[in-house]
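S.K.:
2 protein chains.
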Amino acid sequence: MTYCVAMRLDAGLLFASDSRTNAGVDHIATFRKMNVFEVPGERLITLLSAGNLATTQSVVSLLRQRLAHKGVPEGEHLFNRASMYDVAELVGRTVKETVARDANAQTLGQGVDFGGNFLVGGQIRGEEPRLFHVYAQGNFIEAGQDTPYFQIGESKYGKPIIDRVVRHDTSLKEAAKCTLISFDSTIRSNLSVGLPIDMLLYRTDSFAPAAPHRITADDPYFLKLSRGWGEGLRRTFARLPDEDWFR
Amino acid sequence: MTYCVAMRLDAGLLFASDSRTNAGVDHIATFRKMNVFEVPGERLITLLSAGNLATTQSVVSLLRQRLAHKGVPEGEHLFNRASMYDVAELVGRTVKETVARDANAQTLGQGVDFGGNFLVGGQIRGEEPRLFHVYAQGNFIEAGQDTPYFQIGESKYGKPIIDRVVRHDTSLKEAAKCTLISFDSTIRSNLSVGLPIDMLLYRTDSFAPAAPHRITADDPYFLKLSRGWGEGLRRTFARLPDEDWFR
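Going down the list, the protein sequences come from chains A and B. Taking full-length UniProt numbering, the leading residue of the first sequence gets 1, the next gets one more, and so forth. Taking full-length UniProt numbering, the leading residue of the second sequence gets 1, the next gets one more, and so forth.
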């Protein structure tokens, strides 16, 4: 499985993904699920992916190789789409193209799910930062002020903490801490989500080169956060009032 | 959907269930999912149920009416089984009996899931308290010291907090608080789980009459707990260290 979170906050964008993939419990591997496409100063586009790894890798490979239109006429690609809406549409179309190629009459009865989900966010100069969830069917929804975040993959374990903390006006710093705690909770409860975590913070209108961080199992900050959070929970617990009928 | 939790701690047993049922989002109703069977001083058996409401209600009705063997020879029932293991086996057999009766060739193609899951726990004099998870297939597993709790239904949202707090030697009081917070988190993140919550605490070897508590939306303690927990989380957050690259 997979766990990915993306947020569109007033302060900017946040992307985070785990890196465990599995086909059954005896076929586990590590793959980066975050892909960044950027033209410094002009646009930054980040894709997080969940679902069938063959599908999601193909979508990313097709998007990437179409940026370099060697010897072929230039088609639509991530760097010539005018808006993030058009980028999301292009990703959705590439998902449909890949699934249409790979899934056919022979595979229908084999119980393989060829679907892949993407979180597509970024900023193109002239627009605000935007964030989309592209479904396995290729259609998509956009995050707004009321719901500033999307999750894909094993989303349930880590949802309550985000629901409690994150609003559109949450700072990137707070959102990053909350996201890491959401990952910590998910990793503790579900074997199919695992470290390292890739995280990218993007400040609105900065158009700075993307500097994703990779958080490994021995990352001292993540360990400190995980321990601090656990201790804080226990402290909070100890302070909560008891009820008369708790005998 | 549904959310139920049961724990087998050194101090005793804990049972909690929500009471929302739904068939689609436009058919929502309130049903008690906790059923207690007791012979004060001799045995206490509690069933929590999730899954197809017709199946789970039928199982409980059959178990209940077989206690009163009016005019028919006494068969196996909840009050004459010698151990909690035998009780779990009887519940599993009744699940299979109900599904075999209701699911047939005609219903096969209709996409109806007739399955029902039960958490079955209690104490029979001469035994320690025991807790079982009876699957929709009628087979079952027992909780132990390493994994002292089971969940059924919408279990993922509320699992991390239990994983962090509950061990076999956790007190009933702490476990009850943790369980209510687990429900609060689940209810905030998933519409298909709703108040009121039914909760029953049973102290090992007490064989006292069961006194389940119903926690409604305006329960002052639950509101206090929910608010206190939210505030505690935010306080814990504020204290957690920042990382250099959170810019």
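Glycine included, each C-beta is placed from N, C-alpha and C at the ideal position.
Consider the C-beta atom of B:A54 and the heavy atoms of the ligand HEM; say whether any pair is separated by less than 7 Å.
M.R.: No copy of the ligand HEM appears in this structure; indeed no ligand is present at all.
S.K.: At what residues does the beta strand (DSSP E) containing A:A29 begin and finish?
M.R.: I28 to T30
S.K.: Note down, in chain order, all residues in the stretch 136–160 of chain A with a beta-carbon under 7 Å from any beta-carbon belonging to chain B.
M.R.: K156, Y157, K159 and P160
S.K.: Between the stretch 199–206 of chain A and the stretch 172–182 of chain A, can you find at least three pairs of beta-carbon atoms closer than 8 Å?
M.R.: yes
S.K.: For B:H27, does the count of other Cβ atoms within 10 angstroms reach 16, so buried, or fall short, so exposed?
M.R.: exposed
S.K.: Thinking C-alpha only, which one of B:E142, B:L223 and B:A23 is nearest B:V112?
M.R.: Considering only alpha carbons, the answer is B:A23.
S.K.: Could you work out which residues of chain B lie near A:Y221, taking near to mean beta carbons separated by less than 7 Å?
M.R.: E243
S.K.: Sort out for me which residues DSSP pairs B:E127 with in a bridge.
M.R.: None; B:E127 has no bridge partner.
S.K.: Cβ of A:V5 less than 8 Å from any chain B Cβ?
M.R.: By this cut-off, A:V5 is not an interface position.
S.K.: Mark A:G126 as exposed unless 16 or more other C-beta atoms lie within 10 angstroms of its C-beta, in which case mark it buried.
M.R.: exposed
S.K.: Can you tell me which residues form a DSSP beta bridge with A:C178?
M.R.: Paired residue(s): none; A:C178 is not in a bridge.
S.K.: Apply the 10 Å Cβ neighbour rule to B:Q123 and answer buried if 16 or more other Cβ atoms are within range, or exposed otherwise.
M.R.: buried
S.K.: CA-CA distance, B:T236 and B:Y221?
M.R.: 22 Å
S.K.: Classify B:D18 as helix, strand or coil using the three-state DSSP reduction.
M.R.: coil
S.K.: Taking only three categories from DSSP, how would you classify B:V120?
M.R.: strand
S.K.: Within 10 angstroms of the Cβ of A:N190, are there 16 or more other Cβ atoms? Answer buried if so, exposed if not.
M.R.: buried
S.K.: Using a 10 Å radius around the Cβ and a threshold of 16 neighbouring Cβ atoms, would you call A:P209 buried or exposed?
M.R.: Exposed is the call here.
S.K.: How would you write the range of the alpha helix (DSSP H) that B:E222 sits in, first residue to last?
M.R.: A small fix is needed here, since residue 222 of chain B is Phe in this sequence, not Glu. Note, B:F222: alpha helix (DSSP H), P220 to R239.
S.K.: Runs of 4 residues minimum, wholly inside the stretch 44–71 of chain A: which ones carry the alpha helix (DSSP H) assignment?
M.R.: 53–65
S.K.: Kindly list the residues whose CB is nearer than 6 Å to the CB of B:G158, restricted to its own chain and excluding five residues on each side of it in sequence; keep chain order.
M.R.: S182, S185 and T186
S.K.: Using only CA atoms, which one of A:E42, A:D242 and A:I152 lies nearest to A:R81?
M.R.: That would be A:E42, whose Cα lies nearest to the Cα of A:R81.
S.K.: With a threshold of 16 other CB atoms inside 10 Å of the CB of B:H133, please say whether the residue is buried or exposed.
M.R.: buried
S.K.: In chain order, which alpha helix (DSSP H) runs of at least 4 residues are fully inside the stretch 135–210 of chain B?
M.R.: 159–165 and 172–189
S.K.: Which residues in chain B sit within 9 Å of A:T236, going by Cβ to Cβ distance?
M.R.: G228, W229, E231, G232, L233, R235 and T236
S.K.: Leaving out five residues on either side along the sequence, give the residues of the same chain with a beta carbon under 6 Å from the beta carbon of B:Y3.
M.R.: D18, G153, E154, T186 and V193
S.K.: For A:M1, tell me which candidate among A:Q137, A:I161, A:L53 and A:P73 has the shortest Cα-Cα distance.
M.R.: A:L53
S.K.: Less than 8 Å between CB atoms is the rule here; does B:A50 satisfy it with respect to chain A?
M.R.: no
S.K.: What separation, rounded to the nearest whole angstrom, lies between the Cα atoms of A:L233 and B:F79?
M.R.: One C-alpha to the other measures close to 42 Å.
S.K.: Are the CB atoms of B:V99 and B:F114 within a distance shorter than 8 Å?
M.R.: Using a Cβ distance threshold of 8 Å, B:F114 and B:V99 count as a contacting pair.
S.K.: Return the first residue and the last residue of the beta strand (DSSP E) that B:R93 is part of.
M.R.: Not the beta strand (DSSP E): B:R93 falls in the alpha helix (DSSP H), residues M84 to D102.
S.K.: What does A:M34 pair with, by DSSP beta-bridge criteria?
M.R.: A:L48
S.K.: Anything in chain A within Cβ reach of B:V91, meaning under 7 Å, just list it in chain order.
M.R.: Simply none; closest approach about 27 Å.
S.K.: Leaving out the 5 sequence neighbours to the left and right, which residues in its chain are closer than 7 Å to A:R214 when beta-carbon positions are compared?
M.R.: P196 and D198
S.K.: Please list, in chain order, all residues of the same chain as B:R130 whose beta carbon is under 6 Å from its beta carbon, the five residues on each side excluded.
M.R.: M84
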